[in-house]
Amino acid sequence: MTIVWVNEEGIPFNTTGFFARLSRGNTVVSTANFDRFGVIRFNNITTLTNATFTLRIFRSADGALFRTRTIPSGVETFAVIG
4 MTIVWVNEEG
14 IPFNTTGFFA
24 RLSRGNTVVS
34 TANFDRFGVI
44 RFNNITTLTN
54 ATFTLRIFRS
64 ADGALFRTRT
74 IPSGVETFAV
84 IG
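The opening residue of the sequence shown carries number 4 in this note's numbering; numbering runs sequentially from there.
The structure is reproduced here in structure tokens:
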């Protein structure tokens with residue numbers, strides 16, 4: 004599964020130094036680092052997804068939580084806006 008983090012105009016953020024976790028319920032399913040172009044790939048999540056996931060985006064330097072989003076089942080790519 005691929006996640007893209009973009010601003011309101013659809014332009015990807017420079018996401019150097021950020022990572023994200025996907026979880027189902029209280030179980031972390033996958034963790035990965037963003038590249039500098041606003042993209043992260045969770046290679047162990049097959050698409051189209053067959054489950055709902057919670058995505059949490061953190062800053063690597065201090066672990067600060069920046070965004071939380073719910074990703075519905077049936078998607079291949081998901082955009083976090085803002």
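The C-beta atom is built at its ideal place from N, Cα and C for all residues, glycine as well.
To the nearest angstrom, how far is the alpha carbon of residue i from that of residue j?
i, j, result
"Ala54", "Phe69", "23 Å"
"Phe104", "Ser26", "Because the chain here runs from 4 to 85, residue 104 falls outside it and cannot be looked at."
"Ser76", "Ile48", "11 Å"
How should residue i be labelled, buried or exposed, when 16 other C-beta atoms within 10 angstroms of its C-beta is the threshold for buried?
i, result
"Val83", "buried"
"Ile14", "exposed"
"Phe45", "buried"
"Phe40", "exposed"
"Ala67", "exposed"
"Ala64", "exposed"
Taking Cβ positions, are residue i and residue j nearer each other than 8 Å?
i, j, result
"Met4", "Thr50", "yes"
"Asn17", "Gly85", "no"
"Ile60", "Trp8", "yes"
"Val31", "Thr52", "no"
Spell out the partners DSSP gives residue i in its beta bridges.
i, result
"Leu25", "Ser33 and Leu58"
"Ala64", "The partner list for Ala64 (beta bridge, DSSP) is empty, contrary to what the question assumes."
"Val7", "Val42 and Ala82"
"Pro15", "Val9"
"Thr73", "Thr57"
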